[in-house]
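Chain order of the listed sequences is V and W. Positions in the first sequence are counted from 1; adding 12 to them yields our numbering. Positions in the second sequence are counted from 1; adding 1463 to them yields our numbering. Each remark here refers to the structure printed beneath this line.
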Amino acid sequence: MKTKEIILDVQNLSVSFDDNKIIGDLSFSVKKGEVIAIVGPNGAGKSVLFRALTGLVPHLGKIDWRPGLKINYIPQKFGVEKDFPITVKEFLQLKSKDHGSIMSALSAVGLKAKSSDYDEHHVEHHLLNQRMGWLSGGQLQRVLIAWALLDNPDVLLFDEPTAGIDIGGEETIYNLLKKLNDEISLTVLVISHDLNIVYKYANNVLCLNKEKICFGPPKDVLDRQALIELYGSEAGFYAHKHHN
Amino acid sequence: MNDLYLQLTVAILIGIGAGYLGSFMVLRRMSLVGDALSHVALPGIALALIWNFNPFFGAFAALFLAVLGIWALERKTELPSETLVGIFFTVSLAAGLLLTPEPELLEVLFGDISKISGIDLLITAASFTAIIAILTFIKRGLTISTLSKDLARSMNIPVDKINLIFLVMVSLIVALGLKVSGTLLMGSLVIIPAAAAKNISVSISKYIFFAALFGGLSSIGGIFAGEFLSIPAGPAIVLVSGLIFLVTLAIRTQKV
């Protein structure tokens, strides 16, 4: 671990909508520079947890972010509809008008080589002037990460970054998040459905099914018992496997 | 000012404003709201006619109350407002139909731009300037919250406030446009130019530009058609915008 400083401390967090308990009595903490994966079945409260962490839904309990952190959140299903008329450039410019910053964010996510005139032209034509809705799933996720990087965040909350991406592309997105985590000490909290990926990339995993089932390094805490508890039945143990 | 020029100026300003606002209405999937919203103005106009004050103010007051209702509902439930629109707006139309004095009914329903006055031009020009200025000011927040409300909120963009300002601007343009195309047709002047622009635009800047342009062109086409073919200008404007939509649809189909 690069440093042991705790930047997020969650104690006894509960979220309810109309008497419906979505998350109950959840406690965990995150240290600077960690990659935390959140796993759990559908309806387990994973996205709601992110919304609570970013102050979007009312909650009980304590959520303490270290003061002065820049936290960026990429919501789930940020799918831009195919016919929504906005180009990649316009989208990125909603956050920063500075061409240099945009170019360096694009190279950080691997959409642009470090420096080459040809490449600059290529990026302008084939990426920046394209409609967001025309991008492939993998390209869109990279653009979203570039958007998130534009104002130099300390923490990135990413809800299902690989939804709608094929397995090869999925691995690349996680490689990218890991690379950013290494290079700029970005703390990453990511909701994932793929346990293989979680094993490979996360320092800690939070298993959530309305309440905390497990929390700790994946190798230690993601045992058979935890998975059965998490996904409800023995059959659920295999729920994360891909068959396509 | 010559009557035709007066009509043209007012109609063009309203067409451009309606197109600009409509571009966001369409992206926010509020086409139906835009169309039905204009019906709410009817009881307001009726009361203005009965109590003898400028119908613009009656219409704007009624529309303002309606958008406050939509806004509060959206905030509370996050549900699309279609059901409310379906019930509340048609009920207002029915009430307005009964309240409106018979001689004025046709004019209120379909507009009559030939009755426009210098005062209307003043009100229109001032409102148009305000709409363009305010919309330009909130455009960034409006665009981000249209893409994703959560994303906007996590960036500390005041989503609810922006949404309310936007809806008030929509009620303002609809109230202005009632003289031009009436309570039944004004909504389409907000929606059709934007829908046409969406057919042919890759970027949001071009989309907004074309929506405003098509709004203005529809007004010009409709006013001249009204003048030379001796038909009411309101329906003619809507027909021209419909024609522009068909042309853009053909261009889009060719591209695909």
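Built from N, CA and C at the ideal position, the CB exists for glycine as well. Just so it is clear, the structure is predicted and the values come from calculations on it, not from any experiment.
Alpha-carbon spacing of residue i relative to residue j, whole angstroms
i	j	result
I240 of chain V	D37 of chain V	20 angstroms
M1632 of chain W	T1711 of chain W	27 angstroms
V42 of chain V	D235 of chain V	21 angstroms
I86 of chain V	L168 of chain V	8 angstroms
I203 of chain V	P1656 of chain W	41 angstroms
G55 of chain V	E223 of chain V	12 angstroms
V1703 of chain W	I1594 of chain W	24 angstroms
L1605 of chain W	D1613 of chain W	13 angstroms
W159 of chain V	G228 of chain V	30 angstroms
W1514 of chain W	G1705 of chain W	36 angstroms
A1571 of chain W	H111 of chain V	Rather than Ala, the amino acid found at residue 1571 of chain W in this sequence is Val. Rounded to whole angstroms, V1571 of chain W to H111 of chain V spans 51 angstroms at the Cα level.
D1623 of chain W	D30 of chain V	21 angstroms
F1551 of chain W	S113 of chain V	49 angstroms
F96 of chain V	G1485 of chain W	14 angstroms
L1680 of chain W	I1475 of chain W	7 angstroms
E182 of chain V	S1555 of chain W	53 angstroms
V51 of chain V	C219 of chain V	5 angstroms
D131 of chain V	K190 of chain V	25 angstroms
G57 of chain V	V217 of chain V	15 angstroms
L156 of chain V	L25 of chain V	28 angstroms
L1568 of chain W	L1467 of chain W	24 angstroms
S59 of chain V	V1473 of chain W	49 angstroms
L1510 of chain W	L1562 of chain W	7 angstroms
L20 of chain V	P70 of chain V	18 angstroms
A238 of chain V	W146 of chain V	40 angstroms
P1698 of chain W	F1691 of chain W	14 angstroms
A1688 of chain W	P1695 of chain W	9 angstroms
Buried or exposed (CB count within 10 angstroms, at least 16 for buried), residue i
i	result
A247 of chain V	Below a pLDDT of 50, predicted positions are generally treated as unreliable, and A247 of chain V, at 40, falls in that range; no measurement from the model is reported.
V1548 of chain W	buried
H1502 of chain W	buried
H254 of chain V	Its pLDDT being 45, under 50, H254 of chain V is placed unreliably in this model, and the value from its coordinates should be taken loosely. So H254 of chain V ends up on the exposed side.
P1564 of chain W	exposed
Q153 of chain V	buried
L1512 of chain W	buried
T1599 of chain W	exposed
N1662 of chain W	buried
V1701 of chain W	buried
S62 of chain V	Sequence inspection shows Phe at residue 62 of chain V; the Ser mentioned does not correspond to that position. F62 of chain V comes out buried.
H137 of chain V	exposed
S1734 of chain W	With chain W covering 1464 to 1719 only, the question about residue 1734 of chain W has no answer from this structure.
G1581 of chain W	exposed
G1521 of chain W	buried
S148 of chain V	exposed
F1519 of chain W	buried
L1709 of chain W	exposed
P230 of chain V	buried
G244 of chain V	exposed
A117 of chain V	buried
L1647 of chain W	buried
I196 of chain V	exposed
R143 of chain V	buried
Cross-strand partners of residue i (DSSP beta bridge)
i	result
K33 of chain V	V:S28
G73 of chain V	Paired residue(s): none; G73 of chain V is not in a bridge.
Y85 of chain V	V:L169
D21 of chain V	V:S41, V:D76
G228 of chain V	V:V217
A49 of chain V	V:V202, V:V217
E223 of chain V	V:N221
R143 of chain V	V:T99
Quiz item: Do the region 1667-1674 of chain W and the region 1636-1654 of chain W make contact, defined as three or more Cβ pairs closer than 8 angstroms?
Solution: Verdict: no, contact absent.
Exercise. Indicate whether the contact test is met: 3 or more Cβ pairs, each with one atom in the region 59-74 of chain V and one in the region 1609-1618 of chain W, closer than 8 angstroms.
Key: Yes, they touch.
Quiz item: How do the region 1482-1491 of chain W and the region 1600-1616 of chain W stand: do at least 3 beta-carbon pairs fall below 8 angstroms, yes or no?
Solution: Judged by Cβ distances under 8 angstroms, the region 1482-1491 of chain W makes contact with the region 1600-1616 of chain W, as three or more pairs qualify.
Practice problem: For the region 145-178 of chain V, enumerate the residues whose C-beta is nearer than 8 angstroms to any C-beta of chain W, in chain order. | Solution: If the cut-off is 8 angstroms between Cβ atoms, the region 145-178 of chain V has nothing near chain W.
Quiz item: On the three-pair Cβ rule with 8 angstroms, is the region 1467-1484 of chain W touching the region 1632-1644 of chain W?
Solution: Output reads yes: the region 1632-1644 of chain W touches the region 1467-1484 of chain W.
Quiz prompt | Where the region 1669-1700 of chain W meets chain V: residues whose CB sits under 8 angstroms from a CB there | solution = Answer in chain order: K1669, Y1670.
Quiz prompt | Near-chain W residues of the region 78-90 of chain V (beta-carbon distance less than 9 angstroms), N- to C-terminal order | solution = Those would be I83, N84, Y85, I86, P87, Q88, K89, F90, in chain order.
Exercise. Give a yes or no on contact between the region 1639-1647 of chain W and the region 1657-1667 of chain W, applying the rule of three or more CB pairs nearer than 8 angstroms.
Key: No, because fewer than three Cβ pairs between the region 1639-1647 of chain W and the region 1657-1667 of chain W fall closer than 8 angstroms, the two stretches do not touch.
Self-check item: Contact residues within the region 1604-1617 of chain W, judged by C-beta distance below 8 angstroms to chain V
Solution: Residues T1606, I1607, L1610, S1611, D1613, L1614, R1616, S1617.
Quiz item: Name the residues in the region 1479-1509 of chain W whose C-beta lies less than 7 angstroms from a C-beta of chain V; which are they?
Solution: Of all residues in the region 1479-1509 of chain W, those with a C-beta nearer than 7 angstroms to a C-beta of chain V are L1490, reading in chain order.
Quiz prompt | Members of the region 181-203 of chain V near chain W, C-beta cut-off 7 angstroms | solution = Residues of the region 181-203 of chain V with a C-beta atom less than 7 angstroms from some C-beta of chain W do not occur.
Practice problem: Identify each residue in the region 1624-1646 of chain W for which the Cβ-Cβ distance to at least one residue of chain V is less than 7 angstroms, and report them in chain order. | Solution: Within the region 1624-1646 of chain W, no residue qualifies.
Practice problem: Taking a Cβ distance cut-off of 7 angstroms, strictly less, list which residues of the region 92-115 of chain V are near chain W, in chain order. | Solution: Residues of the region 92-115 of chain V with a C-beta less than 7 angstroms from any C-beta of chain W: V92, D95, F96, P97, I98, T99, E102, L106, listed in chain order.
Quiz item: Residues in the region 230-245 of chain V with C-beta within 8 angstroms of chain W's C-beta atoms, listed in sequence order?
Solution: Of all residues in the region 230-245 of chain V, none has a Cβ within less than 8 angstroms of some Cβ in chain W.
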